[in-house]
Structures are given as C-alpha cells and as structure tokens.
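First residue of the sequence shown: 5, per this note's numbering; consecutive thereafter.
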Amino acid sequence: MDHAASRDVQDIGRLPHVPSKPSLLRYTVNNAPPWGTCLLLGTQHYLTMLGSTVVIPSLLVPVMGGNTKDLARVIQTIFFVSGINTLIQTTIGDRLPIIQGGSFSFLQPAFAIIAQIKAGQSFASEHDRFLVTMRELQGSIIGSSFIVMFIGYSGLMGALL
Numbered sequence: 005m006d007h008a009a010s011r012d013v014q015d016i017g018r019l020p021h022v023p024s025k026p027s028l029l030r031y032t033v034n035n036a037p038p039w040g041t042c043l044l045l046g047t048q049h050y051l052t053m054l055g056s057t058v059v060i061p062s063l064l065v066p067v068m069g070g071n072t073k074d075l076a077r078v079i080q081t082i083f084f085v086s087g088i089n090t091l092i093q094t095t096i097g098d099r100l101p102i103i104q105g106g107s108f109s110f111l112q113p114a115f116a117i118i119a120q121i122k123a124g125q126s127f128a129s130e131h132d133r134f135l136v137t138m139r140e141l142q143g144s145i146i147g148s149s150f151i152v153m154f155i156g157y158s159g160l161m162g163a164l165l
C-alpha cells in the first residue's frame with residue numbers, strides 16, 4: 005500500500021487468525037476505509053443485494069397465494085434479516101462484506117413444495133394458502149439447515165472431498 009493511501013486508512017486491530025504478510029490490497033480485513041468511502045461502498049453493497057432481495061419474493065409470493073401486502077411484508081422481512089445476518093458476518097464472522105440474503109438455488113425446491121400444497125389441499129382463501137405455504141417453506145428451510153450444520157460441524161464435507 006502506498007504512503008498516500010495509508011494515511012486515510014484506519015487500522016482497527018489485528019485478528020489472531022489473519023496472516024500479517026504484505027498485500028497489494030488497498031484495504032485488508034484489519035483496515036477501515038474513510039467514512040466517505042464506507043458510505044459509497046455501503047450504497048454499492050445495498051444496490052447489489054437489492055436485486056435478489058426483491059426478485060425472490062416477487063417470484064414466490066404470488067404463486068403461494070399472497071397479495072401485495074404479503075409481498076411487502078416478505079420483502080421487509082428479508083431486508084431486515086439480511087441486514088442482521090450481514091452485520092453479524094462483518095463483525096463476528098470473517099469480517100468480509102458478503103451478502104447474507106436469499107438465494108436463487110432454493111427457488112426450484114420452493115416451487116415444488118408450493119405445487120404440492122396447491123394440488124393436495126383446499127383452502128378457504130388465497131391468504132390461508134399463503135400462510136400454510138409460508139409455514140411449510142420455513143419448516144423445510146429450518147430442517148435442511150440442521151442437515152447443513154451437521155455436515156459442516158462434523159467435518160463430513162472434508163472427508164468427502
């Protein structure tokens with residue numbers, strides 16, 4: 005890092021698990037850019053995650069039987085939870101600004117669950133179908149996350165690779 009750039013960078017302390025070899029990066033995990041740069045990078049981060057955060061509920065909620073209020077509530081929930089997860093990731097986790105949000109890889113299983121619920125049950129209203137479908141999707145995500153945690157914490161993935 006050159007001397008001019010190093011004047012604007014604040015060292016926020018050394019992490020024990022981060023190697024201290026020289027890097028060609030302007031900002032490392034141990035540095036904090038100036039506030040103006042932080043605001044620009046934060047805005048870029050927000051705009052990057054805006055697309056997937058809005059598109060995923062826009063695809064799922066109408067198929068689940070939800071109305072525009074349900075769509076707004078789901079988008080608000082995803083923004084809130086993604087923000088909390090990203091804050092945890094950047095403070096407690098590896099401190100990289102990784103977007104912790106929705107993933108398009110879950111759309112196909114979600115559509116399969118939605119189709120199964122729609123074909124197998126009758127509901128008094130579309131909103132009731134939305135609520136039941138949302139509960140089913142949430143339960144399946146919670147169940148699959150336990151499997152992922154078990155594989156990760158047991159070291160099974162390392163043995164398989």
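Here a beta-carbon is modelled for each residue, glycine too, at the ideal position from N, C-alpha and C.
For residue i, count the other beta carbons within 10 Å of its own beta carbon; 16 or more makes it buried, fewer makes it exposed. Which is it?
i      : result
Ala76  : exposed
Gly70  : buried
Thr52  : exposed
Asp3   : Residue 3 lies beyond the residue range present for the chain, which begins at 5 and ends at 165; the question has no answer from this structure.
Leu28  : exposed
Leu91  : exposed
Leu165 : exposed
Leu54  : exposed
Kindly list the residues whose CB is nearer than 6 Å to the CB of residue i, restricted to its own chain and excluding five residues on each side of it in sequence; keep chain order.
i      : result
Ala8   : Here the model assigns Ala8 a pLDDT of 49, short of 50, so the residue's position is not dependable, and the following value carries that caveat. Cβ within range, chain order: n/a, list empty.
Gly159 : none
Ile60  : Gly106
Pro37  : Tyr31
Ile118 : Val67, Met68 and Thr137
Phe127 : Arg133
Excluding the five sequence neighbours on either side, which residues of its own chain have a C-beta within less than 7 Å of the C-beta of residue i, listed in chain order?
i      : result
Gly40  : none
Gly185 : Any property of residue 185 remains undetermined from this structure, which presents the chain solely from 5 to 165.
Quick one: measure Cβ to Cβ for residue i and residue j, integer angstroms, because I've assumed they're closer than 8 Å.
i      : j      : result
Met68  : Met138 : 7 Å
Ile79  : Val58  : 6 Å
Ser56  : Phe108 : 7 Å
Ala114 : Leu141 : 6 Å
CA-CA distance, residue i and residue j?
i      : j      : result
Tyr31  : Gln104 : 21 Å
Met5   : Gln120 : The pLDDT assigned to Met5 is 47, lower than 50, so where the model puts this residue is not dependable; a value taken from the coordinates is nonetheless given after this. Going by the C-alpha atoms only, they are around 56 Å apart.
Tyr50  : Arg99  : 17 Å
Ser62  : Thr72  : 10 Å
Gln93  : Leu44  : 19 Å
Ile102 : Ser86  : 10 Å
Ser129 : Ala123 : 15 Å
Ile155 : Ile82  : 26 Å
Leu111 : Val33  : 33 Å
Cys42  : Gln125 : 50 Å
His169 : Ile145 : Past the boundaries of the shown model lies residue 169; the chain is included only from 5 to 165, so the question cannot be answered.
Thr47  : Phe84  : 16 Å
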